[in-house]
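For reference, the structure is listed below as structure tokens.
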Amino acid sequence: MIIFILLAKIFTIIPLQENIAISLVDFPEWEINMDNGIVLIKKVLQSAKSFEYPSIARIYSIAKEYQIDFNGYSLYRAEHDDEVVGKFFDMGDKGFYFQIFATENGQIIKSNEKCLSKGKWNDNLKGYHVIAEDCNNNTWEHWEIKRVPLIVKDNDEKNAAIFVYERDFRFMPN
């Protein structure tokens, strides 16, 4: 009698254009954050996030590569520059396109065969720059892309869960 044991990993499927955050795998409280085109890895200061929160991103698929958008600014890396910045998207510029690969240690985000990683600390902005460097399987180049449930405000300006109001004129409660 032969017994087969199936070892399976649990994967979360995140649809494209879903609200996400990108954090370091070993330091999940540190997320990629974009504020007016400045891309930093910053420590998350609040757990409830709104649409305007600077670490909320969306991923779009374009010809088997990905564009990563943060509230109108997209991640951008010029071919011969190691620093990653935020710019308004230009479809014709290859600096906006990234590849994302799943590994057992987390996702790797590549641009022109270089991996996105944690760069130098910026004392004024209180965060690490995001850079692209040769891939060497270090802990700073493994990312977790996670779905972010957003908190929205209801009509009373209190935090509320998202709800759908469907009007049905046939049902009129007393």
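Numbers 55 to 228, taken from our numbering, label the letters of the sequence shown in order. Quick reminder that beta carbons are idealized off the backbone N, C-alpha and C, glycines included.
Practice task
Rank Ile95, Asp80, Phe124 by C-alpha distance to the C-alpha of Gln71 and give the top, closest one.
Solution key: The candidate whose alpha carbon is nearest that of Gln71 is Phe124.
Exercise for the section: Please state whether DSSP places Lys180 in a helix, a strand or coil. Expected result: Three-state result, Lys180: coil.
Handout entry: Straight-line gap, Glu167 to Val138 (C-alpha atoms, nearest Å)
Key = In this structure, the CA atom of Glu167 is about 14 Å from the CA atom of Val138.
Problem - Inside the region 100-170 only - alpha helix (DSSP H) runs reaching at least 4 residues - result: The qualifying runs do not exist here; there are none.
Exercise for the section: Within its chain, find whatever has a CB closer than 6 Å to the CB of Lys97; leave out the 5 residues flanking it on each side and keep chain order. Expected result: Take Lys97, set aside five residues on each side of it, and the residues of its chain with a beta-carbon closer than 6 Å to its own are Glu83, Trp84, in chain order.
Problem - Of the residues Phe143, Asp147, Phe142, the one placed nearest Glu133, counting alpha carbons only - result: Considering only Phe143, Asp147, Phe142, the residue with the shortest C-alpha distance to Glu133 is Asp147.
Handout entry: Residues bridged to Leu94 (per DSSP)
Key = Leu94 pairs with Asn87, His183.
Exercise for the section: Leaving out five residues on either side along the sequence, give the residues of the same chain with a beta carbon under 7 Å from the beta carbon of Gly91. Expected result: Within its own chain, the residues whose Cβ lies closer than 7 Å to the Cβ of Gly91, once the five positions on either side in sequence are excluded, are Tyr127, Val139, Gly140, Lys141, listed in chain order.
Practice task
Please determine, among Tyr107, Phe81, Gly160, Tyr182, the residue with the shortest C-alpha to C-alpha distance to Ile199.
Solution key: Per the Cα distances, Gly160.
Exercise for the section: Might you give, ordered along the chain, the residues of its own chain that have their beta carbon closer than 7 Å to the beta carbon of Ile122, omitting 5 neighbours on each side? Expected result: Cβ neighbours of Ile122 beyond the five flanking positions: Ala111, Ile113, Ser128, Leu129, Phe152.
Handout entry: Under the three-state DSSP convention, the category His198 falls into
Key = It is Glu, not His, that sits at residue 198 in the sequence shown. Per DSSP, reduced to three states, the secondary structure at Glu198 is strand.
Handout entry: Closer than 7 Å: Leu78 CB and nearest the ligand ATP heavy atom
Key = Because no ligand of any kind appears in the structure shown, any question about the ligand ATP cannot be addressed here.
Exercise for the section: Determine the direct distance from the alpha carbon of Glu195 to that of Ile74, and round the result to whole angstroms. Expected result: Rounded to whole angstroms, Ile74 and Glu195 show a C-alpha spacing of 18 Å.
Exercise for the section: Please report how far the alpha carbon of Lys103 lies from the alpha carbon of Asn87, in whole angstroms. Expected result: Those two C-alpha atoms are separated by around 13 Å.
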